[in-house]
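Beneath this line is the structure, given in structure tokens, with notes to follow.
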DNA sequence: TGGACTTTGTGAAATTCTGCACGAAACCAT
DNA sequence: ATGGTTTCGTGCAGAATTTCACAAAGTCCA
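Below you can see the structure in the form of structure tokens.
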């Protein structure tokens, strides 16, 4: 078994690496050459030991007594996250959000060019939004093959989101960014990330109420405690 | 110690309750009266035992052999998440995203009315977007008091996001929804939820690359395994 | 050179989260 | 009634994650 098995990085660490990358890019932009785990931890709002452990999943790229090199670490994180190449994105659903994503130029420079947008509404198909012409969702398969698409963003209504994801999976797309407020049914071989502002607001609401209750409680009990997320 | 201490719900469960709520609302809309933990688990894409444990943090509201009542559970989840009242939201940053949030009517019916929007650009201040007039960020304190605002959404540029959150905290806002791709420095008494599409795409990229590597590896090793997130 | 200092890398403990397994409690059919 | 069936609630074990603590390995300065 002389396998060159890729080190598996824990899920929790994978979600933090993009955040570190963001910070390191900022440091690089301000001509910082090196950083310590303490410094990065402060900027990322986490524990220094966690930073070191997370970075250690990439390999031993730090120097004891010194720290890490900004540019080198940026490269290593990019390599690990698969950011040394581009991943083409198709937007499914040409409503307000979908068109905004298609027009927004901020993803291409970060390695995720939006190369297509489709809808199932014949009134929208053929219209242009930004540099793209809205295609027919029924041609998704061909589009995915021709344009080498690997990521699909679902911006349809809740009602059509499941058929949208089915179409994407059918077309061979296995990475999905879902903006519809619904839990999509997908095989376990497909990755889904959900972006739902309603959910985020409701989570905030819980902790906000928590604080409110504790303050009220303190008024009558003269006892309180900080709550953080 | 006869304290009426609120049951503390584990963070992991708090993030799932809004998802359950969404599903239950859908069930309610289709006139479903009851559900079992198995059914909800299938719809939410999680384990049935996890559903039962999550719901048990609310109290013992199920009936053995029967299941849970949709409307009753909806009420209990809302109560626990603090959704029986409204939480007013202010948007800081009147750019594309900020104005879109102000115009988007989807939050008010879910209990999060956007009651104000501010910017620091004198050219924008005074203009209207949707039903709101863009205010001056320097009046944030008064606005928060007058309009009873508890949640702030940061849609500024990355460069001004930190001063935006400082202003919000100064004004007494302790729940922040941050759209700027930056880690905000905040006291631990403040809750922050970050919405960063770049981060989400990069996480997807990691697992996508993982799959790609494994397929490539399988071609040369005739061995493979499924990867899911 | 050598000793003081800094910071990484990582075992190991502590904590949190998940999922199994099963008793408890309800319904139902006879 | 009673036995069979369903489904909740939860103790517990195992997995995952976080945090601590410290040896290892480097720098710096006299």
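Residue numbers (our numbering), protein chains in the order written: chain A, 24 to 252; chain B, 24 to 252. Note that CB positions come from ideal geometry on N, CA and C, so glycine has one too. If you're wondering where the values come from, they're calculated on a predicted model, not measured in any experiment.
Query - Chain-ordered neighbours of residue 9 of chain B on chain A, where CB pairs are closer than 7 angstroms - result: Past the edges of chain B, shown from 24 to 252, lies residue 9 of chain B, and the structure says nothing about it.
Query - Close-in-space but distant-in-sequence residues of the same chain around residue 163 of chain A (CB under 8 angstroms, 5 per side omitted) - result: Apart from the 5 residues on each side of it in sequence, residue 163 of chain A sits with its Cβ closer than 8 angstroms to the Cβ of 113, 115, 141, 190, 191, 193, 194 in its chain, given in chain order.
Query raised in the report: If we ignore side chains and look at the alpha-carbon of each, how far apart do residue 93 of chain B and residue 56 of chain B end up?
Result: Going from the Cα of residue 93 of chain B to the Cα of residue 56 of chain B covers about 5 angstroms.
Query raised in the report: Within the 7 angstroms Cβ cut-off, does residue 231 of chain A reach chain B?
Result: Any Cβ of chain B closer than 7 angstroms to the Cβ of residue 231 of chain A would place that residue at the interface, and such an atom is present.
Query raised in the report: Under 8 angstroms Cβ-Cβ, which residues of chain B neighbour residue 130 of chain A?
Result: Going along chain B in sequence order, the residues near residue 130 of chain A (Cβ under 8 angstroms) are 220, 221, 224.
Query raised in the report: According to the neighbour-count rule (16 or more other Cβ atoms, all chains shown, within 10 Å of its Cβ), is residue 34 of chain B buried or exposed?
Result: By the 10 Å Cβ count, residue 34 of chain B comes out exposed.
**Report entry** Residue-level contact to chain B via CB, residue 216 of chain A, 7 angstroms cutoff
**Finding:** At least one chain B Cβ lies under 7 angstroms of residue 216 of chain A.
Query - Residues bridged to residue 3 of chain A [DSSP beta-bridge criterion] - result: Lying before the first or after the last residue shown, residue 3 of chain A is absent from chain A, which here runs from 24 to 252.
Query raised in the report: So which residues on chain A does residue 173 of chain B lean against when the C-beta distance must stay under 7 angstroms?
Result: Residues of chain A with a Cβ closer than 7 angstroms to the Cβ of residue 173 of chain B are, in chain order, 231.
Query raised in the report: Going straight from the alpha carbon of residue 154 of chain B to that of residue 75 of chain B, what length do you get?
Result: Distance from the CA of residue 154 of chain B to the CA of residue 75 of chain B, rounded to the nearest whole angstrom, comes to 43 angstroms.
Query raised in the report: Roughly how many angstroms separate the alpha carbons of residue 176 of chain B and residue 201 of chain B, rounded to a whole number?
Result: Going by the C-alpha atoms only, they are around 6 angstroms apart.
Query raised in the report: Closer than 7 angstroms, CB to CB, is residue 24 of chain A near chain B or not?
Result: Its pLDDT being 35, under 50, residue 24 of chain A is placed unreliably in this model, and the coordinates cannot settle the point.
Query - Cβ neighbours of residue 179 of chain B in the same chain (closer than 7 angstroms, five flanking residues each side left out) - result: Taken in chain order, the residues that qualify are 115, 116, 187, 203.
Query raised in the report: Thinking just about the alpha-carbon of each residue, which of A:229, A:134, A:171, A:157 is nearest to the one in residue 256 of chain A?
Result: It is not possible to answer for residue 256 of chain A, since the shown part of chain A is limited to 24 through 252.
Query raised in the report: Quick one: what's got a C-beta closer than 7 angstroms to residue 148 of chain B's C-beta in the same chain, skipping five residues either side?
Result: Within the same chain, 142, 157, 158, 159 come within 7 angstroms of residue 148 of chain B by CB-CB distance, once the 5 residues on both sides are set aside.
Query raised in the report: Are any of the Cβ atoms in chain A nearer than 7 angstroms to that of residue 136 of chain B?
Result: Chain A contact via Cβ: absent.
Query raised in the report: How about residue 105 of chain A: is its C-beta nearer than 7 angstroms to some C-beta of chain B?
Result: Closer than 7 angstroms: yes.
Report task. For chain A, find out if any of its Cβ atoms is closer than 7 angstroms to the Cβ of residue 38 of chain B; answer yes or no. Result -> Cβ-Cβ to chain A under 7 angstroms: yes for residue 38 of chain B.
Query raised in the report: Do we get a CB-CB distance below 7 angstroms when we pair residue 33 of chain A with the residues of chain B?
Result: No, residue 33 of chain A does not count as interfacial toward chain B.
Query raised in the report: For residue 261 of chain B, is the classification buried or exposed, using 16 other Cβ atoms within 10 angstroms of its Cβ as the cut-off for buried?
Result: Outside the shown range of chain B, which is 24 to 252, sits residue 261 of chain B, and nothing can be said about it.
Query raised in the report: Between the C-alpha atoms of residue 167 of chain A and residue 198 of chain A, what's the straight-line distance to the nearest angstrom?
Result: Cα to Cα, the separation comes out at about 12 angstroms.
Requested in this report: Just the C-alpha distance for residue 144 of chain B and residue 109 of chain A, rounded to the nearest angstrom, thanks.
Outcome: Approximately 35 angstroms between the Cα atoms of the pair.
Requested in this report: Indicate whether at least one CB of chain A lies closer than 7 angstroms to the CB of residue 268 of chain B.
Outcome: Since the first residue of chain B shown is 24 and the last is 252, residue 268 of chain B is not available in this structure.
Query raised in the report: Listed in chain order, which residues of the stretch 139 to 157 of chain B have Cβ atoms closer than 9 angstroms to some Cβ of chain A?
Result: Within the stretch 139 to 157 of chain B, not one residue has a Cβ closer than 9 angstroms to any Cβ of chain A.
Requested in this report: Kindly say whether residue 248 of chain A, judged by its beta-carbon, lies nearer than 7 angstroms to any beta-carbon of chain B.
Outcome: The predicted model places residue 248 of chain A with a pLDDT of 37, which falls under 50 and marks its position as unreliable; any figure quoted below should be read in that light. Contact of residue 248 of chain A with chain B is not assigned, every C-beta pair being separated by 7 angstroms or more.
Requested in this report: Report all residues from its chain with a CB closer than 8 angstroms to the CB of residue 48 of chain B; omit the five preceding and five following residues, and keep chain order.
Outcome: Closer than 8 angstroms at the Cβ level, and outside the excluded window around residue 48 of chain B, lie 97.
Query raised in the report: Near residue 251 of chain B, what residues of its chain come up, given a Cβ to Cβ distance below 7 angstroms and the 5 sequence neighbours on each side ignored?
Result: Any reading at residue 251 of chain B needs caution, since the residue's pLDDT is 38, under 50, leaving its predicted position unreliable; the model's value is listed next. So the list is empty, once near-sequence residues are dropped.
Query raised in the report: At a Cβ threshold of 7 angstroms, is residue 228 of chain A touching chain B?
Result: Output row for residue 228 of chain A: interface = yes.
Requested in this report: Compare the C-beta of residue 116 of chain B with all C-beta atoms of chain A and state if any pair is closer than 7 angstroms.
Outcome: With a threshold of 7 angstroms between beta carbons, residue 116 of chain B makes no contact with chain A.
Report task. Check the C-beta distance from residue 174 of chain B over to residue 135 of chain B and give it rounded, since I have them as a contact under 8 angstroms. Result -> About 7 angstroms separates the two Cβ atoms, so the contact holds.
Query raised in the report: At which residues does the beta strand (DSSP E) containing residue 68 of chain B begin and terminate?
Result: That residue, residue 68 of chain B, is in no beta strand (DSSP E); it is neither H nor E in DSSP.
Requested in this report: Kindly say whether residue 68 of chain B, judged by its beta-carbon, lies nearer than 7 angstroms to any beta-carbon of chain A.
Outcome: Among the residues facing chain A, residue 68 of chain B is included, as its CB has a counterpart in that chain under 7 angstroms away.
Report task. For the stretch 38 to 62 of chain A, enumerate the residues whose C-beta is nearer than 9 angstroms to any C-beta of chain B, in chain order. Result -> Listed in sequence order: 38, 40, 41, 42, 44, 45, 46, 49.
Query raised in the report: residue 206 of chain A versus chain B: which residues are under 8 angstroms apart at the beta carbon?
Result: Chain-ordered, the chain B residues with CB closer than 8 angstroms to the CB of residue 206 of chain A read 42, 45, 46, 66, 67, 68.
Query raised in the report: Can residue 104 of chain A and residue 225 of chain B be called in contact, C-beta distance under 7 angstroms?
Result: Yes, the pair counts as a contact, with Cβ atoms nearer than the cut-off.
Query raised in the report: Where residue 125 of chain B and residue 205 of chain A are concerned, what is the direct C-alpha to C-alpha distance, given to the nearest angstrom?
Result: Each residue's Cα considered, the two are about 23 angstroms apart.
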